[in-house]
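Residue numbers (this note's numbering): -8 to 542. Beta carbons are placed, not taken as given, at the ideal position from N, Cα and C, and that holds for glycine. What you are looking at is a predicted structure, and each value in this text was computed from that prediction instead of being measured. Some notes on the structure that comes next.
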């Protein structure tokens, strides 16, 4: 029996709404798909059981699965995958908070642009009664980001400012004290029982995989955490606006503009005191006060409706009428594109892909010898990632019209991308997945797995294509099994299991080895994810075998 009361916090409809929002949320790597699939078989039954636990004060949050995701700097952030029941409860708490604080948070909507609440949160559980409800918790990020950039551009173009202050917060999510968040929510009038539940949940999910950090840190991944992060900084937003500052914030990316350098120094000191009073601190390595340069508005790039930066090179653009939505984007946007004939579309696609590939090959050739001491310039990285996404969209479009095999010459380009822009390795892996086979690049992939030994997220991403690399080669499959037996990273082990399970059947020589490994696997989340993979891909593995594996 839990020590806190949850009996009157949520209705069945509240949990149903939270379930829908968890499903609609972004962050594919931080979802418990095994739990989602279980709930999907009988949503009413499973939500009913969860509601009964809450009604009986017997709900207990569980420790989440955690992994490390690299940043551009080479440091890593901890990401959390909450069990589906925990994720639903966390979202249900956030729904209640968002419903109550929407008007308050909207007061800064001209200055705060990251994770801005969707107006539908004001409807509460009544949203479920609509004919075609939209369950997204936040507004679409592309429009928000463009408003952020446009606001900055207008400020610079107005010529009323001469200096800019840029900063962000060190280890923001990991350093948020639970007490600070709870006190802030209490000040804003949130129900005490809801806050007790939130505090207990956060304490259960805090810390890294290696150890807990009690009473500090909120889980990165769930949508609810972005709401609470915004609430932590709401007081700072209000403070800067009360001081009459030209102020913009996109999550913890903060920019302030002024005609006076001394005024920005004063604001930095004020901001520093505000954050230190909440056990947070500005990131000194990313903090600067500099003169505003001419044409600086061109430094940041607007995004199109697909989340792709606009470019000045018109010859590299694909006509909007024929671009399809890339499924790797955070949210499908409603389109009013004109329908054109497949022949005309194909002609445009083939022209576009040639131009895109020429640019990609040029970049990878020019910068192939760069190193950590001589990094690729940021504008080049941005352009490369933009081109990589355009390539992916265009290849998918061509494949939708006719049989098409992407150019083999581009495979080294994507490997170049993984090696040099490792914090975006998933983007390159999505592209490599469009090839039928990668067996000729076995040794190059093996080298990447070795070189990124301390970056489990990079290796996990690469292991998503490993099946195309090892193919049906028994020696390579056995090598993968040996690597699995030595692997200490749970995330990387999940990657190995995922490709090996797909490579075997009951009569495979590898079958007994996989059984042995799974029986010894201590991380329940991995076992559940493997089971989910078997179910999702309809793999032909007998019930008796599954019992051996999991019971």
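(message) Checking the sheet assignment: what are the DSSP bridge partners for residue 281?
(response) In DSSP, residue 281 forms a bridge with 155.
(request) Could you have a look at residue 313 and say whether DSSP puts it in helix, strand or coil? (result) Residue confidence is low: residue 313 scores 34 on pLDDT, short of 50, so the model does not pin down where it sits. Its coordinate-derived value is still stated next. In the structure shown, residue 313 adopts helical secondary structure according to DSSP, grouped into three states.
(message) Please classify residue 57 as buried or exposed, where buried requires at least 16 other C-beta atoms within 10 Å of its C-beta.
(response) The C-beta of residue 57 has 16 or more other C-beta atoms within 10 Å across all chains shown, which makes the residue buried.
(message) Nearest by alpha-carbon distance to residue 55: which of 72, 125 and 48 is it?
(response) Across the set 72, 125 and 48, the C-alpha of 72 shows the shortest separation from the C-alpha of residue 55.
(message) As a quick exercise: from 266, 402 and 7, pick the residue whose alpha carbon is nearest that of residue 119.
(response) The shortest C-alpha separation from residue 119 is found at 7.
(request) Work out the CA separation of residue 435 and residue 353 for me, nearest whole Å. (result) One C-alpha to the other measures close to 21 Å.
(message) Using a 10 Å radius around the Cβ and a threshold of 16 neighbouring Cβ atoms, would you call residue 211 buried or exposed?
(response) Classification of residue 211: buried, given that the 10 Å Cβ count is 16 or more.
(request) Please state if the CB of residue 349 and the CB of residue 243 are separated by a distance shorter than 8 Å. (result) Their beta carbons are not under 8 Å apart, which means residue 243 does not touch residue 349 by this criterion.
(request) Kindly indicate which three-state DSSP category residue 0 falls into: helix, strand or coil? (result) Of the three classes helix, strand and coil, the one that applies to residue 0 here is coil, per DSSP.
(message) Assuming contact is defined by CB atoms lying nearer than 8 Å, are residue 226 and residue 167 in contact in what I supplied?
(response) Between residue 226 and residue 167, the C-beta spacing is not below 8 Å.
(message) Give me the DSSP bridge partner(s) of residue 249.
(response) Bridge partners of residue 249: 154.
(message) Using C-beta distances below 6 Å, list every residue in its chain close to residue 289, excluding the 5 sequence neighbours before and after it, in chain order.
(response) Interpretation of residue 289 is limited by its pLDDT of 40, a score under 50 that renders its predicted location unreliable; the figure taken from the coordinates is listed afterwards. Nothing meets the Cβ criterion.
(request) Can you grab the Cα-Cα spacing for the pair residue 31 / residue 279, in whole Å? (result) Distance between the alpha carbons of residue 31 and residue 279: 49 Å.
(request) Please report how far the alpha carbon of residue 237 lies from the alpha carbon of residue 455, in whole angstroms. (result) Straight-line Cα distance between these residues: approximately 45 Å.
(message) Going by DSSP in three states, residue 167 sits in which element: helix, strand or coil?
(response) Residue 167 falls in the coil class under three-state DSSP.
(request) Kindly indicate which residue of 426, 474, 143 and 379 has the alpha-carbon position closest to the one of residue 399. (result) When only C-alpha atoms are compared, the closest one is 426.
(request) Use the C-beta contact count for residue 198: other C-beta atoms within 10 angstroms, 16 or more gives buried, fewer gives exposed. (result) Buried, by the Cβ-count rule.
(message) Quick check: what's the CA-CA separation for residue 389 versus residue 338?
(response) Rounded to the nearest angstrom, the gap between the Cα atoms of residue 389 and residue 338 is 9 Å.
(message) Taking 8 Å as the cut-off, does the segment 200 to 207 touch the segment 146 to 159 (at least 3 CB pairs, one atom from each stretch)?
(response) The segment 146 to 159, when compared against the segment 200 to 207, does not touch it at the 8 Å Cβ threshold.
(message) Here's the rule I'm using: 16 or more other beta-carbon atoms within 10 Å means buried, otherwise exposed. How should residue 180 be labelled?
(response) That one is exposed.
(request) Flag this pair as yes or no: are the beta carbons of residue -5 and residue 188 separated by less than 8 Å? (result) For residue -5 and residue 188, yes; Cβs fall inside 8 Å.
(message) Quick check on the burial criterion: 16 or more other C-beta atoms within 10 angstroms. Buried or exposed for residue 40?
(response) So residue 40 counts as exposed.
(message) Quick check on residue 177: buried or exposed, where buried means 16 or more other Cβ atoms within 10 Å of its Cβ?
(response) Result: exposed.
(request) Using beta-carbon positions only, say whether residue 221 and residue 206 come within less than 8 Å of one another. (result) The answer is no: Cβ separation not under 8 Å.
(request) Would you please state the rounded distance, in angstroms, between the beta carbons of residue 46 and residue 218? I believe it to be under 8 Å. (result) Incorrect: roughly 25 Å between the Cβ atoms, too far for contact.
(message) Pop quiz: residue 376 and residue 412 are said to be a contact at Cβ under 8 Å. What is the actual Cβ separation, rounded to whole angstroms?
(response) At roughly 7 Å, the Cβ-Cβ gap stays under 8 Å, so residue 376 and residue 412 are in contact.
(message) Given this structure, state the Cα-to-Cα distance separating residue 424 from residue 408, to the nearest angstrom.
(response) Each residue's Cα considered, the two are about 14 Å apart.
(message) Please state whether the Cβ-Cβ distance between residue 474 and residue 487 is less than 8 Å.
(response) Less than 8 Å divides the Cβ of residue 474 from the Cβ of residue 487.
(message) Less than 8 Å between the C-beta atoms of residue 185 and residue 84, yes or no?
(response) Going by C-beta atoms, residue 185 is nearer than 8 Å to residue 84.
(message) Can you tell me where the alpha helix (DSSP H) holding residue 340 begins and where it ends?
(response) Note, residue 340: alpha helix (DSSP H), 333 to 357.
(request) Assign residue 138 to one of three DSSP states: helix, strand, or coil. (result) If DSSP states are grouped into helix, strand and coil, residue 138 belongs with the helices.
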